[in-house]
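A.B. asks:
Residue numbers (the working numbering): 16 to 1088.
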C-alpha cells in the first residue's frame, strides 16, 4: 500500500435526505427536487412515473433546501444550506442552472444545533428562515430577479440577519401564515426540569429581521408535553400549530389560542405534508411514522380527525405532493417511493431502490472468474434488505410494446424497400413487426413466413430470407410480398436449427441432424447423421464449422464440418447432468471463443484455435439456461447472456469480463439499428418487448432481497458458499410505547440467496459483530457472533451480551458449539494470532483456549487484556501479525501489540477523533474514518510512539465499513454510497494532483462552493487541507470535456489526451468490482 491514494465514488448516495417541489425548470410544470448527500436529482412525473431530467453533483453536503417563488416570475429559485453553514440560491435560466447568490452563515462562538431547519416565508418567498445556531434565528433575503419592466423587486432586509432569541434550547421552528405579517413558532425546553413550551414571534412584514414578542398575547406561550418534538403549521381557515408528542396531537389556534388535544397510539412521526389547504375545506395532512404507516389528519372546527391508511411505505424523512392523490416519499432508511392515496388505501406506483444505510458488507468471487459480488446489509427496520451489487452496464429504456410469452427474437435489415423487421417467436406462433419511418406496425402476414408456428431460426442469406419452423425450412424473397422460392419438410419435427450463408443445420426430435445446402434459390439435402444422445443445441459459423451440444454422454460437445458432418473433435463439457442449451462462437479482441450455456444456469467457455479448445472456465449466470446472442454496441462486439441474472460478456486486454445488466429476466435480445434508435437493442421480457440504449461504460448495479427486518452484520464463507446474516426487528407497543427487539442469525445460500437455516437469539438480544476464523484447535472454520442484550425495562439500554461460536460444517450447517456471557455488548470481533480479539463494552478481550469437545458452557475462555483504551468500538487485525488497530470513541487510532500477555500501545494518534471504521493497510500504514465524514491515513514511525498523518480527505459521508480488496479498499456509507480507495505511485499522484488543480480552477462547481473547502479535513479538533488523496470524482470529469478542452488541459500537464484518458480509465476499471 502507498501513502498516496485515489479515492472515488462508485455508487453515488442512494438514500434521500429531503425533497421539495416547485416550477424550477419551466413555468407551470411541477418539478420534484430530491437531495441525496451531495447530489441533486430533478424529476418530472409523466404517466404516473418519475422521469429523471437533471442530476447535479455539488461540492457540498446538502443539509436542507426549500423552493422560493419569485414575484412576476413563472419559475422558482432553490435555496440550499450545507452542513458547513454555506448557502446558495440556484435558478434555471437559458437552459442552464445558475447561481443567484451564495454566502456563509458564520457566527462566531455560536453553538450549532443538531438538526438545522429551513423554511421560506411569504406569498413571494421574500425571506428564507434558518435555525442553525443555538439562540439565533437567521433570516436570508431571497434575491429578486429583474421583472418584465426591467426592475428588481426586493424587501428592505438586503443582508443576512442573525436575530437573537431567548430560547437557546429551541429544537425546531415553523412559519405560520401567508399574510404580510406572519409569525414563527418554536419548541424549547426549560432547564433543569426539561419542561417544554411553544413560543410564537410575530414577523415584521416590512423588515423580516425584526421579531416581535408581544407578551400580552396569551397565544404566544403554551406549555406542552415533555415528549413533544415537532410542530406542524396549520393554514387558514384554521390557522395555528399542531404540537406532535409521543402519544398525542395538540392543536393551538392562532387567533383564539384555543386548545384541542387528541390522544393517538404511541408512535414517532418522521414526516408530514399538507395535502389540502382550500379555504372552503378544513386543512388536511398526511403524517408518516417510523413504522412506515401513513395517517390522514384533518383539522375540523370541532376537533382533530386522525385515521390510519391501509398499506405501508418505506419510512420517509420527507414527503412531497406532485398532483392530487400522487405523492413522493423520500427515505434515507429504505427505498424512496412514488405512491398514490386512493380513498383510504396506499398504492406504491414506483420504487427508487436505495442501499442506505450500509451497516456492513462483504465482497466475494463465487466461481473464481474475476466476477466479484458485493453484498451489503441495507435499510433499517422493516425496510431492511440484502443488496447484491455487481459491476455492469446500464440500460436506458426508450419505449416498449406489451407482448407476453416471447421465447426468441431476431432483427433483420431489409434492403428494398428499406425497413427493419423484428421476428418474434412464442411457443405457439410467430409475430412480425415492421419498423418504418420511426413507427412500428404489426404484420398479419409477411411474405412466405409461416406465422402459425414457432420460429426456430430466421435470417438473411445471400439469396433470400430463411425461415425454420418445427415443420418447414423455407427460402423466400425478402419483403412483405416476398414469394416462396423453395421449401423443405422433415420426416420428424425440428427442434433446433442454425445456419450460415451456404448451409442450414437442423436437428430433429428423433436424434437425426440434417444438413441442407442453399443452392441458388433451392434447398438441397446434403447429409444426415444420427446422434445418440440427441442434439440439444447447434451453432454454425461462417467457415462451415458446426458445434453440436448433446443431451449427455462422455462427448457431449462435438465439432463437425459441413456439409458432410465429418467429425473434427469431441469434448466432454464435464458438467455432470447439465445439458448444453445454447451455443455461440464469436471473436472478441481478435481471439475466438466458444460459449456454451447449460440447463442449470451455468456457462462454460473456451478459447478456440481452429478445432482445439483451451482455457476452460465455468461460471454461474443464473438459475436457468441463458440464451446467448452476439451484439454489437458502440462499435464493440459483445456476448449477451439473457436470463434471470442477465450478463454482458466482453473482453478487456484479452481477459473475459462479466458485467451485470440492470434489466433482469430477459428471454432474448438483438441489435436494433433503426435511425430513430442508433446503436440500440431490443429485449424480450416475460411481458413486453423493450427498446432502449445500452451504456457500455461499466458501473455498479444492484438488486435487493427484502428481509422485513434490519440486516446488521454479515460474513461470507468461501468453502461452503454461504452467507451468515444477522437480522433484528423492533416491536413497539402502541399503548405504552415500549420497544423490544427480536434477533436472528440466518444462513443464506450465496448462489441463490435462499435461507438455509435460522438460529434464534435470546429475547432482546441482537447481533453487533461477527467474524469467521480458522483456529488450529478445530477441524472446521468457526463463525463467532457477538451480541448485545437490552434491558426489559428500556430497550435503548444494553446491559450484557454474549459471544457464540458456530462450527461451519462441509454440509453447510452452522452447528452451535457454545456461548459465553459478556459484561456488555460485543462491538467488534477479529481473528488474531490463532485467537479472536473482541471489543466488549469499550475494552479489548481475547477468546482463547477453545475446547470443541468439552462442556458447551466452557467451550472457550474469555480473557480481558489490560490495554490503554476504554472506549474501543472498532478493531482490525493484521493477518499473520501480532498487530491490533483500535478505533476509539475519543482517542482516534492506536496500534497495539501483545507483549507478556498484555496489550501494549506501541503508537497512537496524538489528536482526538470519533472513529467509525478502521483498517490496517500495511504494517505501518493505517486507514480510518471518523464521524466528521473524513478519512485519514496514519503512518507509524519506528522511532516514535506517535502516528503521524500521511493523508487526510473529507468524503462528505459517514463511512461504516472498510473492506480490503486485491486492488485497494472499498467502503460503504450511511447514505448508501459505495466508494473505492486505490494506492498510487508517487509520480502518478503528483500528475493527478496537477490535473485536479487545473480542473478545479477551470471548471468551478455549481453553487460556487469551493472544491478545496469541500474536501478540507475537519474533525472538530484537527483541521487542514486535503493531502495524500486524489479526488477521483473531480478527476474523471476530464472524460466529459470536449476534445478541445481536453487538449488544453493535457497540454498544461505536458501530456497527450490519450495518455491522460488512459490513466483515468484504468483507475476507473481498477476501482470497479
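A virtual CB, placed ideally from N, CA and C, is assigned to each residue, including glycine.
Fair warning: this is a prediction, and the values are worked out from it, not measured in the lab.
1) At which residues does the beta strand (DSSP E) containing residue 255 begin and terminate?
2) Name the DSSP bridge partner or partners of residue 968?
3) Tell me which same chain residues have a C-beta within less than 6 Å of the C-beta of residue 1075, skipping the five on either side of it?
4) When you compare only the Cα positions, how much space is there between residue 739 and residue 891?
5) Among residues of its own chain, excluding the 5 on either side of residue 624, which ones have a beta-carbon nearer than 8 Å to its beta-carbon?
6) Please list, in chain order, all residues of the same chain as residue 768 whose beta carbon is under 6 Å from its beta carbon, the five residues on each side excluded.
7) State the CB to CB distance for the pair residue 464 and residue 445, rounded to an integer number of angstroms; the pair is presumed to be in contact (CB under 8 Å).
8) Identify the continuous alpha helix (DSSP H) that holds residue 1064 and give its terminal residues.
9) Quick check: the Cα distance between residue 14 and residue 946, rounded to an integer number of angstroms?
10) If you drop the 5 nearest sequence neighbours on each side, which residues of the same chain put their C-beta closer than 6 Å to that of residue 333?
11) Could you tell me the distance, in whole angstroms, from the CA atom of residue 1009 to the CA atom of residue 406?
12) Can you tell me the Cα-Cα spacing of residue 19 and residue 1011, whole angstroms?
13) Quick one: using the 10 Å Cβ neighbour count with 16 as the cut-off for buried, is residue 553 buried or exposed?
14) How many Å lie between residue 163 and residue 54 at the Cα?
15) Comparing alpha-carbon positions, which option in 659, 660 and 674 lies nearest residue 666?
16) Restricting to Cα atoms, I'd like to know which of 290, 295 and 417 is closest to residue 356.
17) Nearest to residue 149 by CA position, among 132, 408 and 443, is which residue?
18) Using only the alpha-carbon positions, how far apart do residue 601 and residue 647 sit?
19) Provide the residue(s) that pair with residue 135 in DSSP beta bridges, ordered along the chain.
20) Contact defined as beta carbons within less than 8 Å: I believe residue 626 pairs with residue 583. What is the distance between those atoms, to the nearest angstrom?
21) To test your reading of the DSSP string, which unbroken beta strand (DSSP E) runs of 3 or more residues are found completely within the region 820-863?
22) If we ignore side chains and look at the alpha-carbon of each, how far apart do residue 21 and residue 472 end up?
23) Using only the alpha-carbon positions, how far apart do residue 1001 and residue 845 sit?
24) With DSSP as the reference, please indicate the residues paired to residue 543 in a beta bridge.
25) Determine the contact status of residue 977 and residue 932, defining contact as a CB-CB distance below 7 Å.
26) Where do the ends of the alpha helix (DSSP H) carrying residue 503 lie?
27) Please go through the same chain and pick out, in chain order, the residues whose beta-carbon is closer than 6 Å to the beta-carbon of residue 208, but skip the five residues on each side of it.
28) Report all residues from its chain with a CB closer than 7 Å to the CB of residue 838; omit the five preceding and five following residues, and keep chain order.
29) Look at the alpha carbon of residue 966 and the alpha carbon of residue 104, and state the distance between them as a whole number of angstroms.
30) Assign residue 484 to one of two classes, buried (16 or more other C-beta atoms within 10 Å of its C-beta) or exposed (fewer than that).
31) Measure the C-alpha to C-alpha separation of residue 353 and residue 996 and round it to an integer number of angstroms.
32) With distances taken from CA atoms, which of 188, 1067, 953 and 830 is nearest residue 908?
33) If I follow the unbroken alpha helix (DSSP H) through residue 1085, where does it start and stop?
34) Take residue 924 as the anchor and find which of 916, 599, 822 and 906 has the nearest alpha-carbon.
35) Using the Cβ count rule (16 or more neighbours within 10 Å means buried), how would you classify residue 988?
36) The beta strand (DSSP E) that contains residue 716, what's its start and end?
C.D. replies: Per the coordinate set shown:
1) 255-260
2) 950
3) 1065
4) 20 Å
5) 607
6) 720
7) 7 Å
8) 1058-1067
9) Because the chain is modelled from 16 through 1088, residue 14 falls outside the range shown and cannot be assessed.
10) 33, 34, 286 and 345
11) 29 Å
12) 14 Å
13) buried
14) For residue 163, the pLDDT reaches just 46, beneath the cut-off of 50, and the residue's location in the model is therefore unreliable, although a value from the coordinates is still provided. One C-alpha to the other measures close to 33 Å.
15) 674
16) 290
17) 132
18) 12 Å
19) 143
20) 5 Å
21) 829-837, 841-847, 850-855 and 858-863
22) 50 Å
23) 32 Å
24) 529
25) yes
26) Residue 503 -> not in any alpha helix (DSSP H); beta strand (DSSP E) instead, spanning 499-503.
27) none
28) 815, 855 and 856
29) 33 Å
30) buried
31) 35 Å
32) 953
33) 1072-1086
34) 906
35) buried
36) 703-721
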